[in-house]
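Going by full-length UniProt numbering, 87 is the number at position 87 of the sequence shown; the sequence numbering is gapless. Notes follow once the structure below has been shown.
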Amino acid sequence: AEDKPCKIKRGNSVQLSVDFTPTHADTELSGRAYWSNQLVDLPLLGMDTNACNYTSCPLKANEKQTYTYNLEISNFFPVRAYDVKWKLWNDETECCFIVPIKLIR
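This is the structure we're talking about:
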């Protein structure tokens with residue numbers, strides 16, 4: 001539902017797909033997810049940050065691409081709502097977006 005967090009069961013994986021259009025051509029792209037709050041963004045450890053493994057590289061300027069990543073949700077994460085900040089970047093630019101999630105049993 002719109003404006004509601006995605007419910008994710010701990011111990012599962014979730015697939016994130018996002019379309020983006022880079023403004024610059026580049027041969028490299030990095031990506032990482034963070035637990036985000038008002039004080040600090042904590043990186044999710046164990047992620048493959050080479051975003052070229054999850055989208056087409058080299059990036060072509062002004063050409064729509066899709067980034068798709070399977071994120072493992074550990075059973076150790078506490079059940080609660082989180083804002084997950086996702087960041088894609090290279091030497092020229094960066095893109096950030098927030099995905100609200102709610103971990104359930």
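The beta-carbon is built from N, C-alpha and C at its ideal position, and this holds for glycine as well.
- Residues T21, P22, T23 of the same chain have their beta carbon placed closer than 8 Å to that of N62, with the five preceding and five following residues left out of the count.
- Cβ atoms of Y69 and G11 stay farther apart than 8 Å, at about 18 Å.
- Measuring C-alpha to C-alpha distances from P5 to each of F97, E94, D83 identifies D83 as the nearest.
- Between E28 and F97, the alpha-carbon positions lie close to 20 Å from each other.
- With at least 16 other beta carbons inside 10 angstroms of its own, I101 counts as buried.
- About 6 Å separates the Cβ atoms of L88 and A51, confirming a contact at the 8 Å cut-off.
- Take the alpha-carbon of C57 and the one of L45: they are about 24 Å apart.
- Residue burial annotation: N53 is exposed, with fewer than 16 other C-beta atoms found within 10 angstroms of its C-beta.
- In the three-state scheme derived from DSSP, where H, G and I count as helix and E and B as strand, C52 is classed as helix.
- In this structure, the straight-line span from the alpha carbon of V79 to that of V18 is close to 25 Å.
- Inside the UniProt domain "MD-2-related lipid-recognition" (3 to 101), DSSP marks whole beta strand (DSSP E) runs of 3 or more residues at positions 6 to 9, 13 to 20, 30 to 36, 41 to 43, 65 to 72, 81 to 89, from first to last along the chain.
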